[in-house]
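Throughout the first sequence, residue numbering follows this note's numbering, covering -2 to 273 in sequence. Worksheet: one structure, shown below.
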Amino acid sequence: MPELPEVEVICRGIRPFLIDRTIRTIYHNGKNLRHEVPVEAMNRELTNNRIVNIERRAKYLLLHFETSALLIIHFGMTGNLGIFSRSSPIAKHDHVRFLLDNGTELRFNDTRRFGSIHIIYPDEQVNIEQVFFKTTGPEPFTDDFSGRYLQKIARGRSQPVKTFIMTNQTVAGIGNIYANESLFAAGIRPSRKVNTISLKSWDRLVAEIRKVLKHAISCGGSTISDFVNASQERGYFQMNFKVYDKNGQACTTCSSTIKKMTIGGRTSYYCPNCQK
DNA sequence: CAAGTTACCTGACGGC
DNA sequence: TGCCGTCAGGTAACTT
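Printed below as a string of structure tokens:
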């Protein structure tokens, strides 16, 4: 579920419930995620520690603590965070729960367990960008993400553009849904080789990626099956999908039939008339 | 090195 | 009703 817009929605949703709250107890159901859950380290570093800031970087959520300890959470395909009262029933796949000083709990739920939780120690006063995010590309909304930048790193490569923009080294946060939707908005076929794309098209793609992501955030993200924000409300950007999961349907622009193909192992959708 | 493939895990769905 | 194959928002470790 969570691409950049959904992680941003999670971030904005939990922030008001967590800033200046102190963690009292951490519970783990024993199941590992993509990596081993750092239970010992979390207990030691985060118990009785106050959350001072929460931010998103790429598809990760960063919780900053008073001691400078940092909790980094990735959501994989099905991960999510929610705020619950301590007494509300524990859901299946609630793997980690953080009991706060006001009796509420932050719960990490992840059906498929492709998510991950990392902890960065306060004494590791390293630049997180140069360590944890050293291979992560620019955020889509910053100035270093530009048509010129994409053209430069695409030089000498023959990858399909969809795979290229879904690679987090190229740009952070774009997954399968928003790659498909952005390429439609920019009029570029997902299978198009990156070394055949003009600067003008790269510029247009950058602009459309920003537009699509911002629109999705304003809609509370996309809920395909079960994504909800911190208050258990569904997103509705799926109402605005133009091509994603629209195989066989009429293009909203030209009425041509939307096609489906597999690129880099991921299902891709496009309008054969609007996207060249 | 770039690019393509596979594995990780659970659940939903369609066909038989 | 149930069994089986396929597919799903991601990513990293493989192989080619």
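All C-beta atoms, glycine included, are put in the ideal place defined by N, C-alpha and C.
Legend entry - Contact check, Gly232 vs Val4, beta carbons under 9 Å: no
Inset, instruction - Pick helix, strand or coil for Val123, following the three-state DSSP scheme. - result: Correct three-state label for Val123: coil.
Inset, instruction - Using the DSSP secondary-structure output, state which residues sit across from Ala247 in a beta bridge. - result: Thr254
Inset, instruction - Mind the definition here: the stretch 29 to 46 touches the stretch 177 to 193 only if three or more C-beta pairs lie below 8 Å; say whether that holds. - result: no
Inset, instruction - State whether the stretch 264 to 273 contacts the stretch 171 to 185, with contact taken as three or more CB pairs (one from each stretch) at a distance under 8 Å. - result: yes
Legend entry - Beta carbon of Ile162 nearer than 9 Å to that of Ile206: Against a cut-off of 9 Å, the Cβ pair of Ile206 and Ile162 comes out as a contact.
Legend entry - Residue from Asn99, Met39 and Leu1 with nearest C-alpha to His61: Met39
Inset, instruction - With DSSP collapsed to three states, give me the class of Ser188. - result: Taken through DSSP and simplified to helix, strand or coil, Ser188 comes out as coil.
Inset, instruction - Given a cut-off of 9 Å, decide if Arg110 and Leu103 are closer than it, judged by their beta-carbon atoms. - result: no
Legend entry - Which listed residue (Tyr57, Ile117 and Ile114) has its alpha carbon closest to that of Leu1: Tyr57
Legend entry - Neighbourhood of Arg154 by C-beta, 7 Å cutoff - its chain only, sequence neighbours within 5 removed: Val191 and Asn192
Inset, instruction - Quick one: measure Cβ to Cβ for Arg53 and Phe130, integer angstroms, because I've assumed they're closer than 8 Å. - result: About 12 Å; that fails the 8 Å criterion.
Legend entry - Integer-rounded CB distance, given that Pro135 should sit under 8 Å from Val168: Confirmed, Cβ separation roughly 6 Å.
Inset, instruction - Reducing DSSP to helix, strand and coil, say where Phe105 ends up. - result: Strand at Phe105.
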